[in-house]
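Written below as structure tokens is the structure these notes are about.
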Amino acid sequence: MMKPPIATAISSHRSLQVLLALLALQVVLLLAPVPPQLQNLVNYLPLHTALETLAIAVAGMIFATIWSVRREQLRPGMMMLGCTFLGSALLDFSHMLSYPGMADYVTPSSVEKAILFWLAARFLDAASLLAFAALSLRPSVKPQRPLAVLTATLVLVVLVHGAVLKEVSWLPRTFIAGEGLTTFKVTAEYVVIALFALAALLLALRMRDGSMANADLFLAAACTAAMSEFFLTRYASATDIYNLAGHVYKVLACIFLYRAAFSDTVRQPYALLRATTAQQQALLTALPDLLFVVDGEGRYLDIHEGSGGGMLTAAGNLRDKTVRDVMPAREADTVLAAIAEASMHGLSRGAIIRLSPTPQTPLAFELSVARAAADDRGTTRFVVISRDVTEREKNAEALRLFSLAVAQSPNTIIATDLQGRIVYVNQAFVRGTGYSAEEAVGRNPRMLQSGKTPAATYQAMWTQLAQGNAWQGELLNRTKAGVETVEAVVIYPLRDASGATTHYLSHQTDVTSERRAAQRIEQLVNYDQLTGLPNRRMLKALFTRLCSNSEPFALLWLDLDHFRDINDSLGHGVGDLLLNLVAQRLRNSLAQQDVLSRHSGDEFALLIPQAQAEEARTCAQRMLEAIDQPMQLAEHTLSCTASAGIALYPQDATDFDTLLKCAEMAAYEAKSQGRNGWQCFSADLQQRSARALALSNALKTVLANDELHLVYQPQMDMHSGAIIGAEALLRWTHPRWGQVSPAEFIPIAESNGAIVAIGAWVLRTALAQVRKWLEAGLQPLVIAVNLSAVQFGQANLPRLVRRTLEDTGVPAKYLALELTEATALKAPQVAVQHMRDLRELGVQLAIDDFGTGYSSLSYLKRFKIHKLKIDQSFVRDIHSDADDQAIVVAIIQLARGLGVDAIAEGVETAEQARFLLQHGCREIQGYHLSRPLAAPEFEEFVRMHAATA
Numbered sequence: 002m003m004k005p006p007i008a009t010a011i012s013s014h015r016s017l018q019v020l021l022a023l024l025a026l027q028v029v030l031l032l033a034p035v036p037p038q039l040q041n042l043v044n045y046l047p048l049h050t051a052l053e054t055l056a057i058a059v060a061g062m063i064f065a066t067i068w069s070v071r072r073e074q075l076r077p078g079m080m081m082l083g084c085t086f087l088g089s090a091l092l093d094f095s096h097m098l099s100y101p102g103m104a105d106y107v108t109p110s111s112v113e114k115a116i117l118f119w120l121a122a123r124f125l126d127a128a129s130l131l132a133f134a135a136l137s138l139r140p141s142v143k144p145q146r147p148l149a150v151l152t153a154t155l156v157l158v159v160l161v162h163g164a165v166l167k168e169v170s171w172l173p174r175t176f177i178a179g180e181g182l183t184t185f186k187v188t189a190e191y192v193v194i195a196l197f198a199l200a201a202l203l204l205a206l207r208m209r210d211g212s213m214a215n216a217d218l219f220l221a222a223a224c225t226a227a228m229s230e231f232f233l234t235r236y237a238s239a240t241d242i243y244n245l246a247g248h249v250y251k252v253l254a255c256i257f258l259y260r261a262a263f264s265d266t267v268r269q270p271y272a273l274l275r276a277t278t279a280q281q282q283a284l285l286t287a288l289p290d291l292l293f294v295v296d297g298e299g300r301y302l303d304i305h306e307g308s309g310g311g312m313l314t315a316a317g318n319l320r321d322k323t324v325r326d327v328m329p330a331r332e333a334d335t336v337l338a339a340i341a342e343a344s345m346h347g348l349s350r351g352a353i354i355r356l357s358p359t360p361q362t363p364l365a366f367e368l369s370v371a372r373a374a375a376d377d378r379g380t381t382r383f384v385v386i387s388r389d390v391t392e393r394e395k396n397a398e399a400l401r402l403f404s405l406a407v408a409q410s411p412n413t414i415i416a417t418d419l420q421g422r423i424v425y426v427n428q429a430f431v432r433g434t435g436y437s438a439e440e441a442v443g444r445n446p447r448m449l450q451s452g453k454t455p456a457a458t459y460q461a462m463w464t465q466l467a468q469g470n471a472w473q474g475e476l477l478n479r480t481k482a483g484v485e486t487v488e489a490v491v492i493y494p495l496r497d498a499s500g501a502t503t504h505y506l507s508h509q510t511d512v513t514s515e516r517r518a519a520q521r522i523e524q525l526v527n528y529d530q531l532t533g534l535p536n537r538r539m540l541k542a543l544f545t546r547l548c549s550n551s552e553p554f555a556l557l558w559l560d561l562d563h564f565r566d567i568n569d570s571l572g573h574g575v576g577d578l579l580l581n582l583v584a585q586r587l588r589n590s591l592a593q594q595d596v597l598s599r600h601s602g603d604e605f606a607l608l609i610p611q612a613q614a615e616e617a618r619t620c621a622q623r624m625l626e627a628i629d630q631p632m633q634l635a636e637h638t639l640s641c642t643a644s645a646g647i648a649l650y651p652q653d654a655t656d657f658d659t660l661l662k663c664a665e666m667a668a669y670e671a672k673s674q675g676r677n678g679w680q681c682f683s684a685d686l687q688q689r690s691a692r693a694l695a696l697s698n699a700l701k702t703v704l705a706n707d708e709l710h711l712v713y714q715p716q717m718d719m720h721s722g723a724i725i726g727a728e729a730l731l732r733w734t735h736p737r738w739g740q741v742s743p744a745e746f747i748p749i750a751e752s753n754g755a756i757v758a759i760g761a762w763v764l765r766t767a768l769a770q771v772r773k774w775l776e777a778g779l780q781p782l783v784i785a786v787n788l789s790a791v792q793f794g795q796a797n798l799p800r801l802v803r804r805t806l807e808d809t810g811v812p813a814k815y816l817a818l819e820l821t822e823a824t825a826l827k828a829p830q831v832a833v834q835h836m837r838d839l840r841e842l843g844v845q846l847a848i849d850d851f852g853t854g855y856s857s858l859s860y861l862k863r864f865k866i867h868k869l870k871i872d873q874s875f876v877r878d879i880h881s882d883a884d885d886q887a888i889v890v891a892i893i894q895l896a897r898g899l900g901v902d903a904i905a906e907g908v909e910t911a912e913q914a915r916f917l918l919q920h921g922c923r924e925i926q927g928y929h930l931s932r933p934l935a936a937p938e939f940e941e942f943v944r945m946h947a948a949t950a
């Protein structure tokens, strides 16, 4: 129970003051001498009767007060106290009627009879008050049944009356006339006093701890009753002052008890009711919700706005109206359904209605309906609380949307507590990792670790999070299936309203595809796709890094010899296999710090850190030896060589492009010196390179500037001695450089593409000259024109020849086209088709420099040529070199076997001419016959030779 308020504490203080006053009065009465007139009071009977009547009335009021609230929740022992005091009143009534001087009450009245009723009543009072005090210490005691307690009390009263009125012999004596009170009487009184004192002690304890309301009044009643009994142990006459005082104190004790009972059962409940009513009114006033009392039809019986005032103004006066009168039909049906549910189950909660006092302010209300007691007419009433949940609905909708956004996010979302235990994962996590939500919740996210994320990454992450900051980075994780993924991760702390971190939230995006694409792009950008070697871009980046170290290093340029021939003849597949095998051999021959790269085609470059010239030359030689070993490629066994150039940093150049160009020039110098070797860059190479560049630029305008001309070297049939033709040879006269050797400018023209236009000019010029000679009456001659590999590779070559023959009007039989064996074998199928087309035109075909290339008799047979031209390198030492002699004889015999003519070039002596003639070669060309001549000189030479033949 609640502790008594301040007013109760003041009342307790007053009760104790009265109790102390009564005690003081008793002390005075007991200590003061008793006057004779007070030892035997006259007219004592009326006073006794009045006092007993008052006591009986008060005891009856105690019973009536408590009995009237028997159906309420009473304090433990209260009903017993009321019923026993009713019994006490009945016993006191019999005591009053049994007093001497009163009419006989069943049996003659006497002091002893009256005392017996008195003692029985007092024992009943003391025992009940002690039991009440004891029960007050045990508030959980089961409530007593009022009728049972009343019945038990009345039975006890009847038994006492039966014993006293029948004057049973075993009843002890209590009073002897002339002697006064007996020992039993006095002892009995002291026993009663002890019971009252014990009850007072228990009540004092309850009063001190403040856990019992009106404990002071109950204590005063017990103490006053004890003092009353003490008086009744001292009287010598039944009518003296002590007897009177005892009855007065008994009346006061009853009054104290009545006040306590009244306060406990009537005044205090009413005060509590008033307080509860006031509290309820305050709650209703403070309640932000609308409260209605309605009947079963939804009619408003009472309305309370609470602190939400003003929300009903738009609806006007609702009293006596129904919900259908003031609400849309849908909302009214919802309210009536809630009322019906409350009528059936006593309570209905959670129904939502939506009203719009104005179109701009739609509101949502949650209904709680409770069935209340029926009114006087029996109409069932319902209390309806209508709570404005508009903001809650908005927040709930926002929360629902947020929840859906999180759950359906395509990115993985993980929430953990501060110990790193997973408390939530979304569906993207389940899809991405293969772990179900049930498998993940409660575990640590380290379950996803692949072991490949650096420990420093996790350390940096936790450092940031421990400081309350967000962390962003990438983690290499592993799914449940063991698939490694790259996750772009953002982790940040979640804080409560006070700012304290409660959880961590992680957003993870699978960027595996992007990273693989980036790696693929990096691979494509920085590495050669055929060999896997770094490319030019990567090599340049490494060059820049080496330059930053300010240390010398070497750059090597390596180019395979005749790779194009292999590629063209055996196909690109074999060429790719060759490049891969070369790359592998080169890597195996290099030190770990050396960087090998492939630039394009058959070109490789190598960076050698901290290398001087000697180390670079040693490395170059080792690379060339690694390449110059037979290679088995599919069904082909090939031998390949390479040429290498060396440039040094910083001696030769300090920038990448220049240094690379220096190494490249050195490599081409090695090629020009016979291939399969290396050269170091030098200033002389720089000069030659500069000249080659100047020649290349000049060749682009050589035709426009009319700097080219042809000379003609006669060809003779040694059997007849007649001039049968001539070879047209190209010459270049530059205004600044003078005569430029064909051996120097033709390779340049072939490399920069100028040879195509120059070759067409040579063909047209030579045929035009033939036309002039024919018109001038010169004997018909066959003019031989050389075709470069570039020209022969042109798809329109047969059309060009046909058109030029038609434009110049020269019969095709007077034109012979010469091409080298290597040129024809670069693309054998194309060569066969071109030769077939040219033969159909009537043009003669000759293989120039035969024996210096990769001779292929099968293709030679398919080419259907007219003439084999023996290279001058075999003719030069034919008079002294047995090998050259054997080769020349073999070529002549081969030509005879193929049914074609053989012509030897570079014949400079009569001895060489005789050897050729003896072995069946009739046609010759060279300085033994004539040097190359200009067109007029050639015409004069032919006429003079014809005149002297």
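The letter at position 656 of the sequence shown is residue 657 when you use this note's numbering, and the numbering goes up by one with no holes. The beta-carbon is built from N, C-alpha and C at its ideal position, and this holds for glycine as well.
CA-to-CA distance, residue j to residue i, given in whole angstroms
i      : j      : result
ASN753 : ILE759 : 12 Å
HIS346 : ALA373 : 12 Å
THR183 : LEU245 : 19 Å
ASP595 : PRO610 : 7 Å
ARG837 : ALA693 : 37 Å
GLU493 : SER357 : Correcting the residue type first, residue 493 is Tyr in the shown sequence and not Glu. If you take the alpha carbons of TYR493 and SER357, they lie about 42 Å apart.
TYR634 : LEU625 : It should be noted that the sequence gives Leu, not Tyr, for residue 634. Their Cα atoms are separated by approximately 19 Å.
ILE177 : SER129 : 30 Å
GLN428 : LEU405 : 11 Å
LEU557 : ALA699 : 30 Å
GLN145 : GLY83  : 12 Å
THR266 : ARG71  : 9 Å
LEU731 : ARG923 : 26 Å
LEU709 : HIS735 : 9 Å
LEU160 : MET97  : 18 Å
GLN465 : TRP472 : 6 Å
ALA315 : MET328 : Low confidence applies here, because ALA315 scores a pLDDT of 41, under 50, leaving its location unreliable; read the following figure in that light. Straight-line Cα distance between these residues: approximately 12 Å.
MET208 : ILE194 : 20 Å
ALA667 : VAL703 : 28 Å
Cross-strand partners of residue i (DSSP beta bridge)
i      : result
ASN787 : GLU819
GLY726 : GLN716 and VAL783
ARG496 : THR502
Exposure of residue i, with buried meaning 16 or more beta-carbon neighbours within 10 Å
i      : result
ALA936 : buried
TYR928 : exposed
ASN445 : exposed
ARG15  : exposed
PRO47  : exposed
GLY310 : Confidence at GLY310 is low in this model, with a pLDDT of 44, below 50, so the placement of that residue should be treated as unreliable; the coordinate-derived value is given next. Classification for GLY310: exposed.
Item checked: Contained alpha helix (DSSP H) runs [length at least 4] in the stretch 381-405, N- to C-terminal order -> none
Check: If we count Cβ pairs, one from each stretch, closer than 8 Å, do we get three or more for the stretch 406-419 versus the stretch 378-393?
Finding: no
Next item on the list: Evaluate contact between the stretch 784-799 and the stretch 739-746, counting only Cβ atoms and requiring at least three cross-stretch pairs below 8 Å.
Entry: no
Check: Three or more C-beta pairs closer than 8 Å, one from the stretch 507-520 and one from the stretch 475-491: is that the case here?
Finding: yes
Check: With a cut-off of 8 Å, do at least 3 Cβ pairs link the stretch 702-715 to the stretch 678-694?
Finding: no
Checklist line | Length-filtered (3 minimum) beta strand (DSSP E) runs lying within the stretch 455-481 | finding: 472-479
Item checked: Cβ contact (3+ pairs, closer than 8 Å) linking the stretch 253-266 and the stretch 214-221 -> yes
Item checked: Cβ pair count under 8 Å reaching 3, the stretch 565-580 against the stretch 613-630 -> no
Check: Should the stretch 879-887 be called in touch with the stretch 909-922, which here means at least 3 C-beta pairs below 8 Å?
Finding: yes
Next item on the list: Would you mind listing the alpha helix (DSSP H) stretches within the stretch 891-937 that are 4+ residues and don't spill past its ends, in chain order?
Entry: 911-919
Notebook entry, point to check: If we count Cβ pairs, one from each stretch, closer than 8 Å, do we get three or more for the stretch 639-648 versus the stretch 670-687?
Noted result: yes
Note to self: Tell me whether the stretch 433-453 and the stretch 537-549 touch, counting them as touching only if at least three CB pairs, one residue from each stretch, are closer than 8 Å.
What the structure shows: no
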